[in-house]
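Colleague: The sequence shown lines up with residues -36 to -1, 1 to 210 when you count with mature numbering (1 follows the signal peptide of the UniProt record, and there is no 0).
Can you keep this structure in mind? I'll have questions shortly.
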Amino acid sequence: MRKEQFYRDKKAVKRSVSGICLALFLALQITGCSQTADQDKAAQKTEQAQGTEKEGAGAEKSSAETEKNGSGTGEAGREQSAGSSQADAKAAAGQGDSVIEFKPGMPIKEGVAAPDFTGELMDGTSITLSELQGKPVIINFWATWCGPCVKEMPAFERLKDDFGDKIGIIAVNCGDDAETVKDFVEENGYTFPVVLDEEYSISMLYPTNSIPYTVVLDAEGKVTHISTGALDADTMYERYKEALGV
(Lines of atoms letter the chains of each structure in order from A and count residues from 1; the text may use other names and numbers.)
(Lines give C-alpha, C1' and ligand atoms only; values in the text may rest on other atoms or scores of the structure.)
Protein backbone atom coordinates (compact mmCIF):
# COMPACT_ATOMS: atom_id res chain seq x y z
CA MET A 1 0.00 0.00 0.00
CA ARG A 2 2.74 2.35 0.85
CA LYS A 3 4.45 1.70 -2.48
CA GLU A 4 1.30 2.33 -4.51
CA GLN A 5 0.61 5.46 -2.50
CA PHE A 6 4.14 6.61 -3.15
CA TYR A 7 3.66 6.24 -6.88
CA ARG A 8 0.36 8.09 -6.70
CA ASP A 9 1.98 10.90 -4.74
CA LYS A 10 4.89 10.96 -7.17
CA LYS A 11 2.54 11.38 -10.12
CA ALA A 12 0.69 14.12 -8.30
CA VAL A 13 3.93 15.92 -7.64
CA LYS A 14 4.88 15.68 -11.33
CA ARG A 15 1.51 17.04 -12.36
CA SER A 16 1.91 19.89 -9.89
CA VAL A 17 5.42 20.68 -11.13
CA SER A 18 4.24 20.50 -14.72
CA GLY A 19 1.36 22.81 -13.92
CA ILE A 20 3.69 25.25 -12.25
CA CYS A 21 6.11 25.18 -15.19
CA LEU A 22 3.25 25.67 -17.63
CA ALA A 23 1.99 28.60 -15.62
CA LEU A 24 5.45 30.15 -15.54
CA PHE A 25 5.88 29.63 -19.28
CA LEU A 26 2.54 31.23 -20.05
CA ALA A 27 3.36 34.12 -17.78
CA LEU A 28 6.68 34.67 -19.51
CA GLN A 29 5.02 34.46 -22.95
CA ILE A 30 2.40 36.98 -22.00
CA THR A 31 5.03 39.34 -20.60
CA GLY A 32 7.18 38.99 -23.74
CA CYS A 33 4.25 39.51 -26.06
CA SER A 34 3.20 42.55 -24.11
CA GLN A 35 6.69 44.03 -24.29
CA THR A 36 6.94 43.23 -28.00
CA ALA A 37 3.58 44.84 -28.60
CA ASP A 38 4.65 47.93 -26.70
CA GLN A 39 7.88 48.05 -28.67
CA ASP A 40 5.98 47.64 -31.91
CA LYS A 41 3.62 50.44 -30.94
CA ALA A 42 6.52 52.69 -29.98
CA ALA A 43 8.30 51.93 -33.22
CA GLN A 44 5.12 52.57 -35.16
CA LYS A 45 4.65 55.92 -33.40
CA THR A 46 8.26 56.83 -34.16
CA GLU A 47 7.83 55.93 -37.82
CA GLN A 48 4.62 57.94 -37.98
CA ALA A 49 6.33 60.93 -36.38
CA GLN A 50 9.24 60.66 -38.77
CA GLY A 51 6.85 60.33 -41.68
CA THR A 52 4.95 63.39 -40.53
CA GLU A 53 8.20 65.34 -40.26
CA LYS A 54 9.22 64.21 -43.75
CA GLU A 55 5.81 65.17 -45.13
CA GLY A 56 6.09 68.54 -43.43
CA ALA A 57 9.57 69.09 -44.84
CA GLY A 58 8.37 67.97 -48.27
CA ALA A 59 5.41 70.31 -48.06
CA GLU A 60 7.66 73.20 -47.05
CA LYS A 61 10.03 72.39 -49.93
CA SER A 62 7.16 72.11 -52.37
CA SER A 63 5.74 75.38 -51.09
CA ALA A 64 9.14 77.05 -51.42
CA GLU A 65 9.56 75.71 -54.96
CA THR A 66 6.05 76.83 -55.84
CA GLU A 67 6.75 80.26 -54.45
CA LYS A 68 10.05 80.38 -56.34
CA ASN A 69 8.42 79.23 -59.56
CA GLY A 70 5.61 81.67 -59.04
CA SER A 71 8.10 84.46 -58.47
CA GLY A 72 10.06 83.42 -61.56
CA THR A 73 6.88 83.25 -63.59
CA GLY A 74 5.86 86.64 -62.33
CA GLU A 75 9.23 88.11 -63.18
CA ALA A 76 9.20 86.44 -66.59
CA GLY A 77 5.67 87.70 -67.13
CA ARG A 78 6.71 91.21 -66.15
CA GLU A 79 9.76 91.02 -68.42
CA GLN A 80 7.65 89.70 -71.27
CA SER A 81 5.05 92.36 -70.65
CA ALA A 82 7.74 95.04 -70.60
CA GLY A 83 9.25 93.62 -73.80
CA SER A 84 5.84 93.57 -75.46
CA SER A 85 5.21 97.15 -74.40
CA GLN A 86 8.56 98.25 -75.82
CA ALA A 87 7.88 96.35 -79.06
CA ASP A 88 4.43 97.94 -79.30
CA ALA A 89 5.95 101.36 -78.69
CA LYS A 90 8.54 100.76 -81.42
CA ALA A 91 5.86 99.50 -83.80
CA ALA A 92 3.71 102.53 -83.03
CA ALA A 93 6.68 104.80 -83.57
CA GLY A 94 7.29 103.19 -86.98
CA GLN A 95 3.74 103.87 -88.11
CA GLY A 96 2.12 107.06 -89.25
CA ASP A 97 3.68 109.54 -91.62
CA SER A 98 7.31 108.57 -91.10
CA VAL A 99 9.48 108.57 -94.23
CA ILE A 100 11.80 105.73 -95.20
CA GLU A 101 15.39 106.85 -95.70
CA PHE A 102 16.54 107.02 -99.30
CA LYS A 103 19.93 105.55 -100.18
CA PRO A 104 21.65 106.87 -103.34
CA GLY A 105 21.99 104.31 -106.11
CA MET A 106 19.10 102.19 -104.83
CA PRO A 107 15.81 101.90 -106.73
CA ILE A 108 13.14 104.30 -105.55
CA LYS A 109 10.41 102.72 -103.41
CA GLU A 110 7.05 103.93 -102.24
CA GLY A 111 7.34 105.61 -98.85
CA VAL A 112 10.77 107.21 -99.38
CA ALA A 113 11.37 110.93 -99.54
CA ALA A 114 12.03 111.69 -103.20
CA PRO A 115 15.62 112.78 -103.90
CA ASP A 116 15.73 116.52 -104.45
CA PHE A 117 17.22 117.99 -107.60
CA THR A 118 17.46 121.17 -109.62
CA GLY A 119 17.10 120.88 -113.37
CA GLU A 120 17.57 123.25 -116.30
CA LEU A 121 14.53 124.10 -118.38
CA MET A 122 14.55 124.76 -122.13
CA ASP A 123 14.39 128.52 -121.64
CA GLY A 124 17.54 128.51 -119.53
CA THR A 125 15.77 128.87 -116.17
CA SER A 126 15.75 126.13 -113.57
CA ILE A 127 13.27 124.25 -111.38
CA THR A 128 13.89 122.66 -107.98
CA LEU A 129 11.77 119.72 -106.85
CA SER A 130 11.65 120.68 -103.16
CA GLU A 131 10.17 124.08 -104.05
CA LEU A 132 7.03 122.29 -105.20
CA GLN A 133 6.26 120.81 -101.78
CA GLY A 134 2.77 121.57 -100.56
CA LYS A 135 1.09 119.95 -103.55
CA PRO A 136 1.29 116.55 -105.28
CA VAL A 137 3.95 116.27 -107.96
CA ILE A 138 4.41 113.92 -110.91
CA ILE A 139 7.90 113.30 -112.35
CA ASN A 140 8.17 111.59 -115.72
CA PHE A 141 11.42 110.31 -117.27
CA TRP A 142 11.24 110.11 -121.03
CA ALA A 143 13.08 110.46 -124.37
CA THR A 144 12.07 111.57 -127.87
CA TRP A 145 13.07 108.17 -129.32
CA CYS A 146 10.83 106.25 -126.86
CA GLY A 147 7.53 105.34 -128.52
CA PRO A 148 5.46 104.74 -125.33
CA CYS A 149 6.89 107.96 -123.86
CA VAL A 150 5.72 110.01 -126.83
CA LYS A 151 2.35 108.25 -126.84
CA GLU A 152 1.44 109.15 -123.26
CA MET A 153 2.74 112.74 -123.18
CA PRO A 154 -0.59 114.39 -124.04
CA ALA A 155 -1.77 113.11 -120.63
CA PHE A 156 0.62 115.51 -118.87
CA GLU A 157 -0.56 118.49 -120.93
CA ARG A 158 -4.14 117.59 -120.06
CA LEU A 159 -3.28 117.31 -116.34
CA LYS A 160 -1.69 120.78 -116.47
CA ASP A 161 -4.74 122.24 -118.23
CA ASP A 162 -7.22 120.64 -115.81
CA PHE A 163 -5.48 121.21 -112.47
CA GLY A 164 -2.99 124.03 -113.09
CA ASP A 165 -1.09 125.09 -109.97
CA LYS A 166 -2.81 122.45 -107.80
CA ILE A 167 -0.22 119.94 -108.98
CA GLY A 168 3.42 119.97 -110.05
CA ILE A 169 4.65 118.39 -113.30
CA ILE A 170 8.29 117.78 -114.26
CA ALA A 171 9.15 115.88 -117.43
CA VAL A 172 12.84 114.90 -117.30
CA ASN A 173 14.28 114.17 -120.73
CA CYS A 174 16.90 111.41 -120.62
CA GLY A 175 19.94 111.98 -122.81
CA ASP A 176 18.62 114.00 -125.76
CA ASP A 177 20.44 117.23 -126.64
CA ALA A 178 18.74 120.54 -125.98
CA GLU A 179 17.97 121.25 -129.67
CA THR A 180 16.23 117.91 -130.16
CA VAL A 181 14.09 118.36 -127.05
CA LYS A 182 13.18 121.93 -127.98
CA ASP A 183 12.06 120.94 -131.47
CA PHE A 184 9.93 118.09 -130.11
CA VAL A 185 8.21 120.21 -127.47
CA GLU A 186 7.44 123.08 -129.86
CA GLU A 187 6.17 120.72 -132.52
CA ASN A 188 3.65 119.16 -130.09
CA GLY A 189 2.77 122.37 -128.29
CA TYR A 190 3.54 121.13 -124.79
CA THR A 191 3.63 123.78 -122.07
CA PHE A 192 4.43 121.74 -118.94
CA PRO A 193 8.00 122.02 -117.53
CA VAL A 194 10.56 119.90 -119.40
CA VAL A 195 13.97 119.44 -117.77
CA LEU A 196 17.10 118.70 -119.81
CA ASP A 197 19.20 115.80 -118.45
CA GLU A 198 21.69 115.13 -121.21
CA GLU A 199 24.32 113.84 -118.74
CA TYR A 200 21.78 111.72 -116.79
CA SER A 201 22.67 113.42 -113.50
CA ILE A 202 19.02 113.52 -112.42
CA SER A 203 18.14 110.14 -113.93
CA MET A 204 20.81 108.49 -111.78
CA LEU A 205 18.92 109.65 -108.66
CA TYR A 206 15.91 107.69 -109.91
CA PRO A 207 17.45 104.52 -111.38
CA THR A 208 15.26 102.39 -113.65
CA ASN A 209 15.65 99.68 -116.26
CA SER A 210 13.32 101.28 -118.78
CA ILE A 211 11.34 104.37 -119.70
CA PRO A 212 8.83 105.87 -119.52
CA TYR A 213 9.31 105.86 -115.77
CA THR A 214 6.90 107.87 -113.63
CA VAL A 215 7.02 108.77 -109.94
CA VAL A 216 4.23 110.52 -108.03
CA LEU A 217 4.85 112.39 -104.75
CA ASP A 218 2.45 113.63 -102.11
CA ALA A 219 2.44 117.18 -100.75
CA GLU A 220 5.26 116.33 -98.32
CA GLY A 221 7.53 114.99 -101.05
CA LYS A 222 7.07 111.32 -100.21
CA VAL A 223 6.81 108.79 -103.05
CA THR A 224 3.30 107.35 -103.29
CA HIS A 225 3.24 105.83 -106.78
CA ILE A 226 5.75 104.31 -109.21
CA SER A 227 5.05 103.00 -112.68
CA THR A 228 7.04 101.83 -115.71
CA GLY A 229 5.72 101.77 -119.27
CA ALA A 230 2.63 103.44 -120.65
CA LEU A 231 -0.56 102.90 -122.60
CA ASP A 232 -2.54 105.51 -124.52
CA ALA A 233 -2.76 109.07 -123.21
CA ASP A 234 -6.40 108.85 -122.07
CA THR A 235 -5.74 105.75 -119.99
CA MET A 236 -2.60 107.21 -118.43
CA TYR A 237 -4.40 110.48 -117.67
CA GLU A 238 -6.92 108.62 -115.52
CA ARG A 239 -4.21 106.62 -113.77
CA TYR A 240 -2.07 109.65 -112.99
CA LYS A 241 -5.07 111.66 -111.90
CA GLU A 242 -5.95 108.98 -109.38
CA ALA A 243 -2.34 108.68 -108.20
CA LEU A 244 -2.15 112.45 -107.69
CA GLY A 245 -5.38 112.39 -105.70
CA VAL A 246 -7.04 115.12 -107.76
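C-beta atoms are modelled at their ideal positions from N, C-alpha and C, and glycine is treated no differently.
Going by the DSSP bridge assignment, what does Lys186 pair with across the sheet?
Modeller: Paired residues: Ala77.
Colleague: What is the rounded straight-line gap between the Cα of Ala55 and the Cα of Ile190?
Modeller: A caution first: Ala55 carries a pLDDT of 40, below 50, which makes its placement in the model too unreliable to give a value.
Colleague: Please identify the residue among Asp80, Cys110, Pro112 whose C-alpha is closest to the C-alpha of Ile134.
Modeller: Nearest C-alpha to Ile134: Asp80.
Colleague: In angstroms, rounded to a whole number, what distance separates the CA positions of Gly209 and Phe156?
Modeller: Gly209 and Phe156: Cα-Cα distance of roughly 19 angstroms.
Colleague: Taking Phe148 as the reference, give the member of Lys115, Gly132, Arg122 with the closest Cα.
Modeller: If we check each option's Cα against that of Phe148, Lys115 comes out closest.
Colleague: Return helix, strand or coil for Tyr164, following the three-state DSSP convention.
Modeller: The answer is coil: DSSP assigns Tyr164 none of H, G, I, E or B.
Colleague: Which full runs of the alpha helix (DSSP H) of 4+ residues lie inside the segment 97 to 152, going along the chain?
Modeller: Listed in chain order, the complete alpha helix (DSSP H) runs (minimum 4 residues) inside the segment 97 to 152 are 111 to 116, 118 to 127, 142 to 152.
Colleague: Measuring CA to CA, which of Thr108, Ala107, Phe120, Glu74 is closest to Asp196?
Modeller: Nearest C-alpha to Asp196: Phe120.
Colleague: Would Gly75 be called buried (16 or more neighbouring beta carbons within 10 Å of its own) or exposed?
Modeller: Gly75 should be labelled exposed.
Colleague: If Phe105 sits next to Ile175, beta carbons under 8 angstroms apart, how far is it from one beta carbon to the other, in whole angstroms?
Modeller: Sure, about 5 angstroms apart at Cβ, within 8 angstroms.
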